[in-house]
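Trainee:
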Amino acid sequence: MPKTLYKPIHWTTAVLLMSSLALVSGCSSEETYEFVPVSGRLTLDGKPLSNVRITFTPKLDGDNIIVGPSSMATTDADGRFQLVAANKSFEKGAIVGEHRVYFQEYPPAVEDPPANIDPAEYYDESLKNSPVQTFTPLLSSELVEGLVFTVPPEGTDSADFEYNSQ
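See below:
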């Protein structure tokens, strides 16, 4: 038998090594989730609310601390939104199940001032004349804590939230 630079591996070592590789390759640190489309509309007194960030966060499931990624969207001028997952793939929708729903209001966007106008005066005047939405104060912490939406297995285009100021 010719001499080699390496020792042959015993068959039990080879079997252990192969089974370990199979086990490790079968387990992934990043879980996969099934997302379904979720869209809807946000209104106050029948009028659409724009520039409101809506976040759906999966509720804890017993002892399972990580249920899945949150999904979020910002409402358009008509109060409509379409959720997108807050993960690396930015998949459209949310995972199936119960979610806590949170709202965060953004101030209206202000365009850059023309070159011949003082920016301080322009922004001050723009903010004075912009409509102010008073949605956030209507959501007490009690309401926010209790707001739950169940995403069905087939998804939904009716994730509508209608509020009244009275």
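Numbered by mature numbering (1 follows the signal peptide of the UniProt record, and there is no 0), the letters in the sequence shown go through residues -24 to -1, 1 to 142 in order. Positions of the beta carbon are idealized from the N, C-alpha and C atoms, including for glycine.
Determine whether the beta carbon atoms of V28 and T50 lie at a separation below 9 Å.
Mentor: As a first step, residue 28 is located in the sequence shown; it is residue number 52 there, counting from the start. As a first step, residue 50 is located in the sequence shown; it is residue number 74 there, counting from the start. The answer is yes: Cβ separation under 9 Å.
Trainee: Taking only three categories from DSSP, how would you classify G22?
Mentor: What you label residue 22 is simply residue 46 of the sequence shown in a count that begins at 1. Three-state DSSP puts G22 in coil, outside helix and strand.
Trainee: Helix, strand or coil for K64 per DSSP?
Mentor: Reading the sequence shown from its first residue, position 88 is the one you call residue 64. In this structure, K64 counts as coil in the three-state DSSP scheme.
Trainee: Which value, in whole angstroms, describes the spacing of the CA atoms of N63 and Q142?
Mentor: Walking along the sequence shown from the start, residue 63 turns up at place 87. Walking along the sequence shown from the start, residue 142 turns up at place 166. Going from the Cα of N63 to the Cα of Q142 covers about 38 Å.
Trainee: For the beta strand (DSSP E) holding A53, just list the boundary residues, first then last.
Mentor: The sequence position of residue 53 within the sequence shown is 77, counting from 1. That residue, A53, is in no beta strand (DSSP E); it is neither H nor E in DSSP.
Trainee: Suppose you measure from the CA of S5 to the CA of V60; what does that come to, to the nearest Å?
Mentor: Position 29 of the sequence shown holds residue 5. Position 84 of the sequence shown holds residue 60. Low confidence applies to S5: its pLDDT is 47, below 50, so where it sits in the model is not reliable, and the reading given next is rough at best. One C-alpha to the other measures close to 22 Å.
Trainee: State the DSSP-derived secondary structure class of G44, mapped to helix, strand or coil.
Mentor: Here residue 44 refers to the residue found at position 68 of the sequence shown. Coil at G44, not helix or strand.
Trainee: Quick one: what's I30 bridged to in DSSP?
Mentor: Residue mapping note: residue 30 aligns to position 54 of the sequence shown, counting from 1. BP columns for I30 point to A49 and F79.
Trainee: When burial is assigned at 16 or more other CB atoms within 10 Å of the CB, is V127 buried or exposed?
Mentor: The count along the sequence shown starts at 1 and reaches residue 127 at position 151. It counts as buried.
Trainee: Using 9 Å as the threshold, is the C-beta distance between F137 and G22 below it?
Mentor: Walking along the sequence shown from the start, residue 137 turns up at place 161. Walking along the sequence shown from the start, residue 22 turns up at place 46. No. Outside cutoff.
Trainee: Run through the DSSP bridge pairs and tell me what I71 is partnered with.
Mentor: Here residue 71 refers to the residue found at position 95 when the sequence shown is read from its first residue. BP columns for I71 point to F11.
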